[in-house]
Structure formats: structure tokens, C-alpha cells
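Take 1 as the starting number for the sequence shown in full-length UniProt numbering and just add one per residue.
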Amino acid sequence: MLTLPPDYVPSEKEEFMNPLQVEYFRQKLVKWRNELLKEAGGTLASLSEGGIHEADVTDRASVETDRALELRTRDRARKLIGKINQALLRIENNAYGYCEETGEPIGLKRLEARPIATLSIEAQERHERMEKIHRDD
1 MLTLPPDYVP SEKEEFMNPL QVEYFRQKLV KWRNELLKEA GGTLASLSEG
51 GIHEADVTDR ASVETDRALE LRTRDRARKL IGKINQALLR IENNAYGYCE
101 ETGEPIGLKR LEARPIATLS IEAQERHERM EKIHRDD
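If you want it as C-alpha cells, here you go:
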């Protein structure tokens with residue numbers, strides 16, 4: 001394991017996916033996953049507090065709507081945790097940062113914005129165009 005300087009930020013001037021960059025993104029992914037898991041624990045605690053005790057039908061409907069929204073949010077977080085775990089596995093396999101379709105570097109700016117990205121911008125755009133074409137059929 002590598003120790004990052006506290007102010008380290010990946011740079012285009014460095015070799016792509018050098019050990020410092022890999023460790024930077026590994027730490028970023030682990031931190032993100034831990035935050036999501038912590039939030040999920042809070043959600044479970046609030047949902048297990050018991051049934052809905054609102055006497056008013058409108059209040060009860062509001063509470064049920066809030067719970068449904070919270071469950072959808074947690075489901076998205078669960079899927080995101082899965083993608084984070086896949087990204088961490090790609091780090092272990094030395095495949096992180098490279099497009100699954102072309103093998104080309106994804107790019108630091110894209111990885112900074114979306115650390116779980118598996119496609120380069122160009123490949124992602126092609127993928128979205130194909131989806132749109134097939135969706136319109």
C-alpha cells in the first residue's frame with residue numbers, strides 16, 4: 001500500500017494510472033463506499049423504528065411516500081456500492097482507468113467526475129447513440 005501526499009491530485013503530466021493515481025482513486029472509491037454504507041445504516045435504523053402511527057390519512061400517506069422514496073434511494077445506493085466494488089476489483093486486476101470497450105485510457109477528468117466509469121467518453125457516447133437508435137425503433 002502506498003501513502004499519498006495529503007495534497008495529491010492526479011495530473012495529466014504524470015504517467016496514466018501510475019501507482020499514485022491508482023492509490024488516489026482506490027482511496028476515493030473506498031471513502032465513497034463507506035459513506036454510502038453509513039447512510040444505509042441510518043436508513044435501516046429509521047425504517048425499523050416501527051409502523052406508521054399517524055392518525056390522519058393524509059399524514060400517513062405522506063409518511064408512506066417518504067419511506068418509499070427513501071427505499072428507492074437506498075436501492076440506487078446499493079447498486080452504486082456494487083459498481084464501486086467492481087471498480088475496486090478492476091484496480092486489483094490492473095484494469096482500472098481503461099475503457100472496457102477500446103482499452104484506451106478513460107481520462108483523469110472523467111474518472112475524477114465518475115470514478116466508477118468503465119467507458120471512455122467516446123465509447124459512452126457511441127453506447128448512448130446506439131441505445132437511442134434502438135429505443136426509437
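The C-beta atom is built at its ideal place from N, Cα and C for all residues, glycine as well.
Decide if Pro115 is buried, meaning its Cβ has at least 16 other Cβ atoms within 10 Å, or exposed. Position 115 of the sequence shown, counting from 1, holds the residue named residue 115. Under this definition Pro115 is a buried residue.
Only counting the same chain, and skipping five residues up and downstream in sequence, which positions put a Cβ closer than 7 Å to that of Thr118? Along the sequence shown, read from residue 1 onward, the residue named residue 118 stands at position 118. Glu100, listed in sequence order.
At a cut of 8 Å, does the segment 29–40 reach the segment 74–81 through at least three beta carbon pairs? yes
Can you pull the DSSP bridge partners for Pro105? Residue 105 sits at position 105 when you count from the first residue of the sequence shown. Answer by DSSP bridge pairing, in chain order: Tyr98.
Output needed for Tyr98: all residues of its chain with C-beta closer than 8 Å, excluding positions within five of it in sequence on either side, in chain order. Residue mapping note: residue 98 aligns to position 98 of the sequence shown, counting from 1. Taken in chain order, the residues that qualify are Met17, Glu104, Pro105 and Ile106.
Short check: CB of Leu108 to CB of Leu29, under 9 Å? Position 108 of the sequence shown, counted from the first residue, corresponds to residue 108. Position 29 of the sequence shown, counted from the first residue, corresponds to residue 29. Contact: no.
Phe25 and Ile121 look like a contact to me (Cβ under 8 Å); what is the Cβ gap, rounded to whole Å? If you number the sequence shown from 1, residue 25 lands on position 25. If you number the sequence shown from 1, residue 121 lands on position 121. Not quite, the Cβ-Cβ distance comes to about 17 Å (not below 8 Å), so this is no contact.
What whole-angstrom Cβ distance do Tyr96 and Val22 have, given they're in contact under 8 Å? The count along the sequence shown starts at 1 and reaches residue 96 at position 96. The count along the sequence shown starts at 1 and reaches residue 22 at position 22. That belief holds up - the Cβ atoms of Tyr96 and Val22 are roughly 7 Å apart, short of 8 Å.
Backbone secondary structure at Ser120 - three-state DSSP: Within the sequence shown, numbered from 1, the residue matching residue 120 stands at position 120. Reduced to three states, the DSSP call for Ser120 is coil.
In its own chain, which residues sit with a C-beta less than 7 Å from the C-beta of Ala77, not counting the 5 before and 5 after it? The count along the sequence shown starts at 1 and reaches residue 77 at position 77. Answer for Ala77: Leu36, Glu39 and Ala40, listed in chain order.
Indicate the three-state DSSP secondary structure (helix, strand or coil) for Pro5 in the structure shown. Numbered from its first residue, the sequence shown carries residue 5 at position 5. Coil at Pro5, not helix or strand.
Locate the alpha helix (DSSP H) running through Lys13, then write down its first and last residues. Within the sequence shown, numbered from 1, the residue matching residue 13 stands at position 13. Counting along the chain, Lys13 falls outside any alpha helix (DSSP H), and DSSP gives it neither H nor E.
Per DSSP, what kind of secondary structure is Met17 in: helix, strand or coil? For the purposes of this step, residue 17 is taken as the residue at position 17 of the sequence shown. DSSP, reduced to helix, strand and coil, places Met17 outside both helices and strands of the structure shown, so it counts as coil.
Go ahead and label Leu2 buried or exposed: buried means 16 or more other beta carbons lie within 10 angstroms of its beta carbon, across all protein chains shown. Indexing the sequence shown from 1 puts residue 2 at position 2. By the neighbour-count rule (16 or more Cβ atoms within 10 Å), Leu2 is not buried but exposed.
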